[in-house]
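Numbering (my numbering), first residue to last: 16 to 252.
See below for the structure under consideration.
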């Protein structure tokens with residue numbers, strides 16, 4: 016199989032320990048995976064505290080972790096979620112703060128940079144335009160080899176509109192047309208936690224996004240009130 020597989024630590028709740036993250040490199044290599052993305056929702060410096068200075072101690076830990084993954088022949092990524100950055104003008108001050116974060120990621124040695132705008136307010140005029148400007152700006156200034164953007168509406172699951180407001184008309188199509196083509200896009204399928212992905216759905220999604228979707232398979236996600244009651248031990252096929 017030519018498809019590259021990886022794991023993203025992108026859930027809510029208690030984070031993995033640094034020791035667990037180090038050990039995971041060997042597990043991923045053994046089982047033919049290609050990358051790991053550090054993106055725990057509990058790390059505020061990647062999310063709601065993204066405007067604050069990045070702690071030196073955290074940068075050092077991530078740089079060391081990146082080196083360990085690189086030594087194992089794996090790519091290392093970070094999922095950056097500048098919380099509701101698009102609710103304020105994308106002015107010089109915001110760009111300076113954003114550049115500070117990109118400088119940190121460049122020093123760490125990030126191969127894959129996830130730009131995550133999921134779980135944020137979405138029913139806003141000009142949402143796609145604002146996100147396109149920000150994502151393209153980041154992609155032009157980061158040293159990462161690959162960029163993956165998670166839109167606010169990353170599935171056709173109606174639960175997203177219940178939580179974050181109605182998706183603006185033409186939102187995904189506009190992203191597909193105007194996002195830099197070197198930027199991939201995360202997609203979870205017909206549901207936030209999809210059990211399968213039909214060829215028809217993936218084909219329609221590719222046409223809408225203007226590129227093949229980068230599947231974020233939410234299995235075995237159990238950080239929500241409905242999913243947390245089960246262990247999700249069914250094998251991935």
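From the three backbone atoms N, C-alpha and C, an ideal C-beta is built for every residue, glycine too.
Here the structure is a predicted model, which is why all the values come from computation and not from measurement.
Helix, strand or coil at residue i [DSSP, three-state]
| i | result |
| --- | --- |
| residue 124 | coil |
| residue 162 | strand |
| residue 107 | helix |
| residue 24 | strand |
| residue 93 | strand |
| residue 48 | coil |
| residue 53 | strand |
| residue 245 | coil |
| residue 113 | helix |
| residue 225 | coil |
| residue 139 | coil |
| residue 83 | helix |
| residue 30 | coil |
| residue 155 | coil |
| residue 236 | coil |
| residue 58 | coil |
| residue 218 | helix |
| residue 88 | coil |
| residue 76 | helix |
| residue 19 | coil |
Whole-angstrom C-beta distance between residue j and residue i, which should lie under 8 Å
| i | j | result |
| --- | --- | --- |
| residue 181 | residue 138 | 5 Å |
| residue 201 | residue 164 | 7 Å |
| residue 154 | residue 162 | 5 Å |
| residue 218 | residue 192 | Wrong, their Cβ atoms sit about 18 Å apart, outside the cutoff. |
| residue 110 | residue 50 | With a Cβ gap of about 28 Å, residue 110 and residue 50 do not count as contacting. |
| residue 169 | residue 133 | 6 Å |
| residue 149 | residue 92 | With 8 Å as the limit, residue 149 and residue 92 do not qualify as a contact, their Cβ atoms being about 19 Å apart. |
| residue 57 | residue 30 | 5 Å |
| residue 94 | residue 43 | At roughly 16 Å, the Cβ-Cβ gap does not stay under 8 Å, so residue 94 and residue 43 are not in contact. |
Beta-ladder partner(s) of residue i, from DSSP
| i | result |
| --- | --- |
| residue 67 | Paired residue(s): none; residue 67 is not in a bridge. |
| residue 130 | 95 and 164 |
| residue 230 | 202 |
Reference residue i, options the options, closest by Cα
| i | options | result |
| --- | --- | --- |
| residue 89 | 215, 125 and 249 | 125 |
| residue 81 | 119, 63 and 113 | 119 |
| residue 71 | 33, 122, 63 and 35 | 122 |
| residue 215 | 227, 207 and 208 | 227 |
| residue 2 | 107, 93 and 204 | No information on residue 2 is available, as it lies outside the stretch 16 to 252 that the chain covers here. |
| residue 115 | 101, 65 and 96 | 65 |
| residue 255 | 108, 140, 135 and 129 | The requested residue 255 does not occur in the structure, where the chain is confined to residues 16 to 252. |
| residue 141 | 207, 185 and 61 | 185 |
| residue 8 | 67, 39 and 167 | With the chain represented from 16 up to 252, any question about residue 8 goes unanswered, as that position is not in the structure. |
| residue 230 | 211, 38, 179 and 245 | 211 |
Proximity test, residue i beta-carbon vs the ligand SAH heavy atom, cut-off 7 Å
| i | result |
| --- | --- |
| residue 72 | Absence of the ligand SAH from the depicted structure is noted, as is the absence of any ligand whatsoever, leaving it without description. |
Closer than 8 Å to chain B by CB, residue i
| i | result |
| --- | --- |
| residue 202 | No chain B appears in this structure, which consists of one protein chain only. |
### Entirely enclosed alpha helix (DSSP H) segments - the region 158–216, minimum 4 residues
174–179 and 186–193
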